[in-house]
Amino acid sequence: GGSIRIPAALNGVFGLKPTFGRVSRAGDGFKGSVAHAGPIGASAADLVAALDVTASELDRDDELTLWASPPPEGGFGARFPAGVRGMRFGVPEAEWADASDPVARAGRAALAALEKEGAVLVPVSMPLAKNAAPIGYFSIGAEARAASREAWETRRDLLADDLRISYAVIAGITAVELVDAQRLRTALRHEVASVLRDVDVIAMPTTVTTAPTLPDVDRFSTFSDPTALDAMCRFAFLGNLTGLPAGTAPIGEDADGLPIGLQIVGDAWQEHTVLGVLAHLERAGVARVKRSPWAIDLVAE
């Protein structure tokens, strides 16, 4: 439910989930209506380089890309020089209220820095956003269960315990419940579209908390932690369900030195706008990638 932005935020790097249909998913066995493909990198420029390569042309092996708007003239980094002066940033206070104290402090400090750079912070309301994760669990869960039908029916013993538990629960979802979830999803899309008519981007936390603790007892076995899952996915599913482009930038650490991400959500096909904001956060010194003391150099290894 955020497998680009969440790991990027937890590891203190940049990530971008493009608009649904921007990057080809040909070869992806799952697909579904929620999954996106996109880059993780050590800078906003890294994200642009990856997107320029993977999304500058349509792919007839993935018909969704045939509906994509053309890339911006000059590539996906076209707004790098523009800065943020005069840009309107929607700030959903109800979403920020659900972030942990360290995440909220770092995020609000980043927004204050953008305001000093000329950005205009606009309070916005998205009441349905608090339900994005539950709607997302219904949507991605049902699609994953359907995609894995053959494995579930013939090789269930090979699935990990946590996956078997999840699929068993998902199997109990009724058609009425699934349709209700999709109706709420549509309402959420209209709600966010309405907000984006008045602002250029929406600024949200990427995750509720920094990386959760992994107990030693769980290191070499499957485990299920709904609380940790919700903390990671709470703010990510809004972008997945609406299909809108959303990026994350590393804007600080908590008291334990664990990275914190700021999420920027843009309008459809406006990846260059989101990337321009990420680049300015980096240029202004608000966002920066720090090498973790626990980092492993895979090339040297």
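Add 1336 to a position in the sequence shown, counting from 1, and you land on the number used in the numbering used here.
Just so it is clear, CB atoms sit at the ideal spot from N, CA and C, and this is done for glycine as well.
{"query": "Closest by CA to Glu1513, which one among Gly1477, Lys1626, Arg1361?", "result": "Gly1477"}
{"query": "Residues in its own chain within less than 6 Å of Met1540 by CB, not counting five upstream and five downstream?", "result": "Glu1431, Phe1571, Gln1599"}
{"query": "Helix, strand or coil: how does DSSP classify Ile1538 here?", "result": "strand"}
{"query": "Need the endpoints of the alpha helix (DSSP H) that Gly1361 sits in, please.", "result": "As written in the sequence, residue 1361 is Arg, which differs from the Gly given in the question. It is not in any alpha helix (DSSP H) - Arg1361 carries neither H nor E in the DSSP assignment."}
{"query": "Under 8 Å, with one C-beta from each stretch per pair, do the segment 1499-1519 and the segment 1388-1398 reach the 3-pair mark?", "result": "no"}
{"query": "Pull up the distance between the alpha-carbon of Pro1629 and that of Val1439, whole angstroms please.", "result": "21 Å"}
{"query": "Which one of Arg1624, Thr1355, Val1528 has the shortest CA to CA distance from Ala1404?", "result": "Thr1355"}
{"query": "Compute the Euclidean distance between the alpha carbons of Gly1419 and Arg1627, then round it to the nearest angstrom.", "result": "26 Å"}
{"query": "For a test of the three-state rule: what should DSSP assign to Gln1606, helix, strand or coil?", "result": "coil"}
{"query": "Tell me where the alpha helix (DSSP H) around Ile1501 begins and ends.", "result": "1497-1506"}
{"query": "To the nearest angstrom, how far is the alpha carbon of Leu1532 from that of Ile1471?", "result": "21 Å"}
{"query": "Taking contact to mean 3 or more Cβ pairs, one atom from each stretch, closer than 8 Å, check whether the segment 1362-1382 and the segment 1339-1354 are in contact.", "result": "yes"}
{"query": "In chain order, what residues of the same chain have a beta carbon less than 6 Å from the beta carbon of Pro1548, not counting five sequence neighbours either side?", "result": "Ala1564"}
{"query": "Suppose only complete runs of 4+ residues qualify. What are the alpha helix (DSSP H) ranges in the segment 1551-1597, listed by chain order?", "result": "1562-1569, 1573-1578"}
{"query": "Distance, Cα to Cα, Ala1511 vs Glu1479?", "result": "13 Å"}
{"query": "Based on DSSP bridge pairs, tell me the residues matched to Pro1428.", "result": "Val1460"}
{"query": "Flag this pair as touching only if the segment 1481-1495 and the segment 1585-1595 have three or more C-beta atom pairs under 8 Å; answer yes or no.", "result": "no"}
{"query": "Who are the Cβ neighbours of Glu1451 in its own chain at under 6 Å, not counting the five residues just before and after it?", "result": "Leu1457"}
{"query": "To the nearest angstrom, how far is the alpha carbon of Gln1319 from that of Asp1561?", "result": "Summary: the structure shown does not reach residue 1319, with the chain confined to residues 1337 through 1637, and so no result is reported for it."}
{"query": "Determine whether the beta carbon atoms of Ala1414 and Pro1406 lie at a separation below 8 Å.", "result": "no"}
{"query": "For Val1635, which of helix, strand or coil comes out of DSSP?", "result": "coil"}
{"query": "Rounded to the nearest angstrom, how far is the Cβ of Leu1447 from that of Phe1425, given a contact under 8 Å?", "result": "7 Å"}
{"query": "Quick one: residues in its chain with C-beta nearer than 6 Å to the C-beta of Val1370, no 5 flanking neighbours on either side, listed in chain order?", "result": "Ser1475, Ile1476, Asn1576"}
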